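Report on the following structure.
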Amino acid sequence: GKVGCLPGRTIAFRTEILRECIHEFMNETFMGFHKEVSDDRSLTNLTLKKGYKTVMQDTSVVYTDAPTSWKKFIRQQLRWAEGSQYNNLKMTPWMIRNAPLMFFIYFTDMILPMLLISFGVNIF
-9 GKVGCLPGRT IAFRTEILRE CIHEFMNETF MGFHKEVSDD RSLTNLTLKK GYKTVMQDTS
51 VVYTDAPTSW KKFIRQQLRW AEGSQYNNLK MTPWMIRNAP LMFFIYFTDM ILPMLLISFG
111 VNIF
């Protein structure tokens, strides 16, 4: 089991896993800066790096509040995109060694928008 991002609203961890990961999670930096983004994905990454399996429980049902305005929706999407790209970059070496299919999927997620923009710019 290698689920790349356990969803924040339904995420559950064994206590011993959180105890192993909490220091690194709370002190995570990127290029020298403290980074607080995408806690669900960051904790999933640390869990995978420690060698634990991640699984999905596909019958769970969760109710959550959705953004109530376009402004809030756009902010949410930008925050999620930042967290996704940050975690993709941070996990790239691990994914190449341990989960090549996951790497391919996340790499495509990172590079495809740039290729489409580049293609669009070259057409016009």
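Note that the sequence shown covers residues -9 to 114 in this note's numbering. No residue lacks a Cβ here, since even glycine has one placed at the ideal position from N, Cα and C. Values in this document were obtained by computation on a predicted structure and should not be read as measured data.
Do residue j and residue i come within 8 Å of each other at the CB atom, strictly closer than that value?
i, j, result
"V27", "Y76", "yes"
"D29", "G(-6)", "no"
"K(-8)", "A71", "no"
"Y42", "I7", "yes"
"L(-4)", "E14", "no"
"S74", "T0", "no"
Going by other Cβ atoms of all chains shown within 10 Å of its Cβ, with 16 needed for buried, is residue i buried or exposed?
i, result
"M100", "exposed"
"T34", "buried"
"G110", "exposed"
"N78", "buried"
"L68", "exposed"
"R102", "The amino acid occupying residue 102 in the given sequence is Leu; Arg does not appear at that position. With fewer than 16 Cβ atoms within 10 Å of its Cβ, L102 is classed as exposed."
Kindly list the residues whose CB is nearer than 7 Å to the CB of residue i, restricted to its own chain and excluding five residues on each side of it in sequence; keep chain order.
i, result
"T19", "K25"
"I86", "F93"
By DSSP's criteria, residue i is part of a beta bridge. Which residues make up the other side?
i, result
"T19", "H24"
Can you check which of these residues, the options, is closest to residue i by C-alpha distance?
i, options, result
"K80", "S32, P103, F63 and T37", "S32"
"W84", "K40, G22 and F23", "K40"
"L38", "E10, S108, N112 and D55", "E10"
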